[in-house]
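Asks:
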Amino acid sequence: MNVIAFILGTIIPASIGWLTIRMFERNAPVLKNTERWILGTVMGTTLTMYLFFLGESIGIMKFSAMNMLLLSIIFLAVLLWFWLRMREYWKADSPDVAKSTSIKSLPTWIKILLSALAVLTIVKIVTATILLVGSPAYLDDVYKNWNMRGKVFYVTQEMHLNSESVSSSVIDTGVYSYPPSVPLTKTWLASLAGGWNEGLVNSPHILWYLIALALVFFFLRRHVNLLWSLAGVYGLSSLPLFLIHGASAYADIFVAIHVFAAVSMLYNAIKAKESDIRLSYLRLSTLFAALLIFTKNEALLLHLPTFIALFIGSLAWMRYQSELSKKETRLIFFHSIAVISLVLLPWLIFKWSHGLSFGNAHEVSGLSISWQPRVLYSVYLNTIMEGNWSLLFPILLGLLIIKWKSAFLSPLVILVGYFCILYFGQLLIFMFTSLSVEALKQTGYARGIIQLAPIAIVIIILLMTSFADNKSDH
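Note that this note's numbering has the sequence shown beginning at 2, numbered continuously upward.
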C-alpha cells in the first residue's frame, strides 16, 4: 500500500505541475517534455500543498485522504480541461535546445570513465535511499518540525499551531511558523496509505535530490555539451553535505530546487534570442519564485527580495536593449506581481492573523546589531576544513577571479549575483546579529549553502567552459 500511495501521491501533483507549467509556457514551449515532468513533480507538489493549505484555512476541508484527493482531482480536471481547449492553438513541441555531442561519439576511455563515475554515483544514491527510508526520524528539525508537524496534521486532520496536540518542542522553537508544504506532503502520503510510515513520508526527499541533479543537467544541456553537463551533475552529487541532505528528511534541497528553477529561468530569458521564448522563460521564472515562498521562511525574507531585485533589473536591461517592447515589459511586470501575490498575500495574511514569526526558527524582530565573535572561524571550518563541500569554494573563488569579466559582465551575472548576494548577505547576518548561533552550530550557514549549491555548480561549469573556449580560440 505504501508503494501505491507514493506513486499516486507523486503522479497527481506531478500532473498538476506539468499542466501548470505548460499553461505558463503558452504558445512558446521552452522545456523538453521530460524536463517539464521533472519540474512539475516538485512545483506541482508545492502548488497542491498550497491548495490544501488554502482549503483548510478557509474551512472547506480537513486533511483527510478523501478531501485531499477530491480537491486535487478537481483542480487537475480544471487544468486538463483548459489545456485541452488551448492545445490546438499552442505549439506542441519544445525546441531542440541541447548542444551537440552524444555518448556514441566519445572516445572509449571517456566512456569507461563515465561508466565508473555513474556506478559510483548510483551506489551512493542507493545507499542514501536505504538509510533514508529505513531509519526513523531522529535528526533535529526532521523530528521536531517536518515529520512532527506532518504527523500532527495527519492525526488531527487540521493545521494546528498552538495546541495540546503539538509537541512542546515544536511550539518552543517557533518552527510551526514555517510554510507547511513539506509537512503537508508527508500528511498527503500517509493519508493515501491509510497509516503513518516513516519510510513512506521520508521517500520524497531522495526524489527531490534526484530532481536537483536532473535539473542541473537539463539546464547545462542548453548551454554546454554533454560532457560538461555530466560534469555538473557529478559535481553536485559529489558534494558530501548535499548528499547527506538528500539522505535526510530536511527541506533545504526542496528549497534549492525552487531557487534554482526561478533563477535559471531568468538567466535563460536573458540568453533567449526570440521574444516569445524570452517571455515564456520570464513567466516560468515568476511561477517558480511564487511557489518558493511556500517552502521555508528564509524564502520570504532572503530569496524573494533578491529575486525581485534581479528580475526588475533584468526587465530594465532587456527593455534598454530593445529585447522587450514597452507593452511586453509592462505585461510581464504586472503578470509577475499577480502571480507572486497569489501566494504571497494569503500566506502573509495567515501569518499575521495567527501571530506567527517571520524568522528562520528565530524571531527576526528586535535583533540587535553587534559583532559576533568566532563566527568567521566557524564559517572557515565548515567551508574549508571539514570537507562538507569538497573543492567547491576554492574552485568557485578561483574562477570568479580569473574569469571576472565572464562572471560579472555577461548574462552570467544573474547567477553570480544571486549567489553572492545570498551568501554574503547571510554571512553578514551571522556576523552582526544574535542569529550567529546558526553559524556557530554550523546549521543555518550550511543549509544556506545547500540552497545555493546547484547555482554554484552551474556557475563553475559555465565559467570553465568559457575558459576552455578561450583556450581553443588561441
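Built from N, CA and C at the ideal position, the CB exists for glycine as well.
According to DSSP, is Ile123 helix, strand or coil?
Replies: helix
Asks: Using CA atoms only, rank isn't needed, just tell me which of Leu283, Trp147, Thr46 and Leu400 is closest to Glu199.
Replies: Relative to Glu199, the option among Leu283, Trp147, Thr46 and Leu400 whose CA is nearest is Trp147.
Asks: For Tyr381, which three-state DSSP category applies?
Replies: helix
Asks: Buried or exposed, going by whether 16 or more other CB atoms sit within 10 Å of the CB of Phe308?
Replies: buried
Asks: Just the C-alpha distance for Gly56 and Lys63, rounded to the nearest angstrom, thanks.
Replies: 8 Å
Asks: Report yes if the CB atom of Tyr282 is closer than 7 Å to the CB atom of Val31, and no otherwise.
Replies: yes
Asks: Would you identify the three-state DSSP class for Pro455, choosing helix, strand or coil?
Replies: helix
Asks: According to the Cβ coordinates, are Lys272 and Pro412 closer than 7 Å?
Replies: yes
Asks: Just mark Leu300 as buried or exposed, buried being the case when its beta carbon has 16 or more other beta carbons within 10 Å.
Replies: According to the sequence as given, residue 300 is Ala; it is not Leu. Looking at its Cβ environment, which holds 16 or more other Cβ atoms inside 10 Å, Ala300 is buried.
Asks: Smallest Cα separation from Asp277: which of Lys406, Thr11, Glu26 and Ile8?
Replies: Glu26
Asks: Would you kindly report the start and end of the unbroken alpha helix (DSSP H) that includes Gly356?
Replies: Careful: Gly356 lies outside any alpha helix (DSSP H) and carries neither H nor E.
Asks: What residue from Ile212, Ile350 and Ser379 has the CA that sits closest to Glu36's CA?
Replies: For the residues Ile212, Ile350 and Ser379, the minimum Cα distance to Glu36 belongs to Ile212.
Asks: Just to check, is the beta-carbon of Thr307 closer than 6 Å to a non-hydrogen atom of the ligand GTP?
Replies: Ligands in the displayed structure: none, and consequently the ligand GTP is not present.
Asks: For a test of the three-state rule: what should DSSP assign to Leu231, helix, strand or coil?
Replies: In the structure shown, Leu231 sits in a helix (DSSP, three-state: H, G or I).
Asks: Between which two residues does the alpha helix (DSSP H) harbouring His224 extend?
Replies: Glu199 to His224
Asks: From Gln373 to Leu242, what distance separates their C-alpha atoms?
Replies: 25 Å
Asks: Could you give the distance in angstroms between the alpha-carbon of Ala248 and the alpha-carbon of Ser239?
Replies: 13 Å
Asks: Classify Gly236 as helix, strand or coil using the three-state DSSP reduction.
Replies: helix
Asks: Quick one: give me the first and last residue of the alpha helix (DSSP H) that Tyr268 is part of.
Replies: Asp253 to Lys272
Asks: Sorted by chain position, which residues of the same chain lie with C-beta nearer than 6 Å to Leu401's C-beta, five sequence neighbours on each side aside?
Replies: Ala408
Asks: Rounded to whole angstroms, how far is the Cβ of Leu397 from the Cβ of Ala457, which I believe are closer than 8 Å?
Replies: Contact between Leu397 and Ala457 holds, with the beta-carbon distance rounding to 6 Å and staying under 8 Å.
Asks: Assuming Ala66 and Ser192 are in contact, meaning their beta carbons sit under 8 Å apart, how far apart are those beta carbons, in whole angstroms?
Replies: 4 Å
Asks: Can you look up Thr444 in the DSSP assignment and give me helix, strand or coil?
Replies: coil
Asks: When burial is assigned at 16 or more other CB atoms within 10 Å of the CB, is His355 buried or exposed?
Replies: exposed
Asks: Between Val217 and Thr287, how many whole angstroms is the CB-CB distance? I'm expecting something under 8 Å.
Replies: No, Val217 and Thr287 are not in contact; Cβ-Cβ is about 21 Å, not under 8 Å.
Asks: Count the C-beta pairs between the region 39-52 and the region 17-26 that are closer than 8 Å, then say yes if the count reaches three, no if not.
Replies: yes
Asks: Got a sec? Which residues, its chain only, sit under 8 Å from Lys125 by beta carbon, not counting five neighbours each side?
Replies: Ser238 and Leu244
Asks: Span of the alpha helix (DSSP H) holding Lys187?
Replies: Ser182 to Ala194
Asks: Report buried or exposed for Ile451, applying the criterion of at least 16 other Cβ atoms within 10 angstroms of its Cβ.
Replies: buried
Asks: For Gly10, count neighbouring Cβ atoms within 10 angstroms of its own Cβ and tell me buried if that reaches 16, exposed if not.
Replies: buried
Asks: Return the chain-ordered ranges of every alpha helix (DSSP H) run that is complete within the region 8-92 and spans a minimum of 4 residues.
Replies: 34-58 and 66-87
Asks: Would the region 183-192 count as touching the region 143-163 if we require 3 or more Cβ pairs under 8 Å?
Replies: Yes: at least three Cβ pairs fall under 8 Å.
Asks: For the alpha helix (DSSP H) containing Ile432, name the first residue and the last one.
Replies: The sequence shown places Met at residue 432, rather than the Ile named in the question. Here the alpha helix (DSSP H) through Met432 covers Val414 to Phe433.
Asks: Can you give me the C-alpha to C-alpha distance between Val171 and Ile461, rounded to a whole angstrom?
Replies: Legend: pLDDT at Val171 = 48, less than 50; position of this residue unreliable, value from coordinates given subsequently. Linking Val171 to Ile461 through their CA atoms gives a straight-line distance of about 39 Å.
Asks: Quick check: Leu416 and Tyr235, are their CB atoms within less than 7 Å of each other?
Replies: Contact flag unset, no.
Asks: Tell me where the alpha helix (DSSP H) around Ala310 begins and ends.
Replies: Leu305 to Tyr321
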